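Residue numbers (UniProt numbering): 1 to 212. No residue lacks a Cβ here, since even glycine has one placed at the ideal position from N, Cα and C. This one's a predicted model, so the numbers in the text were calculated from it and none came from an experiment.
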Amino acid sequence: MKKNIFCFIIILFVINLFGGCAIVENEESLDLKELNYEEIADKLIRFHVIANSDSEEDQALKLKVRDRIIDKMSIKLEKAESLDQARDILNSSIEEVNSIAREVIIEEGFDYDVNTMLSNENFPDKIYGDYVFPQGTYEAYRVIIGSGEGQNWWCVMFPPLCFVDESKNIVDTKKLDENIANLDDKVEENKEDNKKVIFKFKVVEVFNKIFN
C-alpha cells in the first residue's frame, strides 16, 4: 500500500513538472511582475465593489453600480494631486456614492442596502494588468452591496488607473507602468538599487501545495 502511494506521488510530481513547464512558459510570455509590497502599500488606494452574492443577477448589478460610480468619481479624482487629497475627496463623497449605488439598485429592481467606506483591508495576491499586487493590507474604498457575500471587482483608484476606457475593464499597461514608477518618486535615491522585480510563476505555487 505504501509503495503504491509512493508511486502515485512520483507520477503526480512528474505530471506537474512537465505541466508546470508549460505554465512557466506562458507566465514568462505574459511577463507578470510581482510588485514589492513594502514600496507600494502606503502609496495607493484600491477600489472594490462587492456584490450581494455570486448569482448572475447580483454580479451584473455589481458592474452597473461600478460603472455609475466610476463615471462620477473619475471627474472628482482628476483634481487629486496627492494621496491625502484623494483620501479627502473619497471620504467626503461617501454619502453621494451610497446614493448613486442605491439609485442603480432601485432602477434594476432590487432593494439592497449599500455601505461605502475607506478602510484598511487585507487582500490576497491579485493580478492587475501585467502586475501582481502581493497579498497584504491596503487602503481601499469599498462599496458593499447588500450582504456583500459575492465576488468583488477591483482596480487602483488612486493613482487613477480605473478610468481607462468606457468598458472599465481594460488596463492601459503603459499608463500603469508610468504610475507605478511615479509611486517611487519620494523614495530615497539610495534605495533605488535595491528594488527588485520578482517574477511569479504558478508552477511554484503548484509545487508548494503538493509538498505542503
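Distance, residue j Cα to residue i Cα
i	j	result
Lys186	Ile89	Since pLDDT at Lys186 reaches only 43, below the 50 mark, its modelled position is unreliable, and no value is offered.
Lys62	Ile100	12 Å
Ile198	Glu34	Note that Ile198 has pLDDT 41, beneath the 50 cutoff, so the model's placement of it is unreliable and the number below is only indicative. About 5 Å.
Leu161	Cys155	7 Å
Glu73	Glu103	The identity of residue 73 in the sequence shown is Met, whereas the question assumes Glu. The alpha-carbon atoms of Met73 and Glu103 are separated by roughly 16 Å.
Tyr131	Asp31	8 Å
Arg46	Ala80	15 Å
Glu107	Glu139	30 Å
His48	Glu95	16 Å
Asn152	Gly109	21 Å
Glu56	Ile144	17 Å
Asp71	Tyr141	15 Å
Element boundaries [alpha helix (DSSP H), containing residue i]
i	result
residue 301	Beyond the ends of the chain as shown, which are 1 and 212, falls residue 301; an answer cannot be given.
Lys64	56 to 77
Beta-bridge partners of residue i, as assigned by DSSP
i	result
Cys162	Bridge partners of Cys162: none, in fact.
Asn152	Ile50
Ile89	BP columns for Ile89 are empty, so no partner.
Neighbourhood of residue i by C-beta, 6 Å cutoff - its chain only, sequence neighbours within 5 removed
i	result
Asn98	Val114, Thr116
Lys126	Phe133
Extent of the continuous beta strand (DSSP E) run through residue i
i	result
Glu103	First-last for Glu103: 94 to 107, but that is the alpha helix (DSSP H), not the beta strand (DSSP E).
Ala140	136 to 145
Glu121	114 to 123
Phe133	131 to 133
Lys126	126 to 128
Cutoff 7 Å; reference residue i; Cβ partners in own chain excluding five residues on either side
i	result
Asp91	Checking the sequence, you will find Asn at residue 91 rather than Asp. So the qualifying residues of the chain are Leu118.
Asp58	Ala51, Asn52, Gly150
Sequence-distant residues of the same chain with beta carbon closer than 8 Å to residue i, five excluded per side
i	result
Ala86	Ile45, Leu77, Ala80, Met157, Phe158
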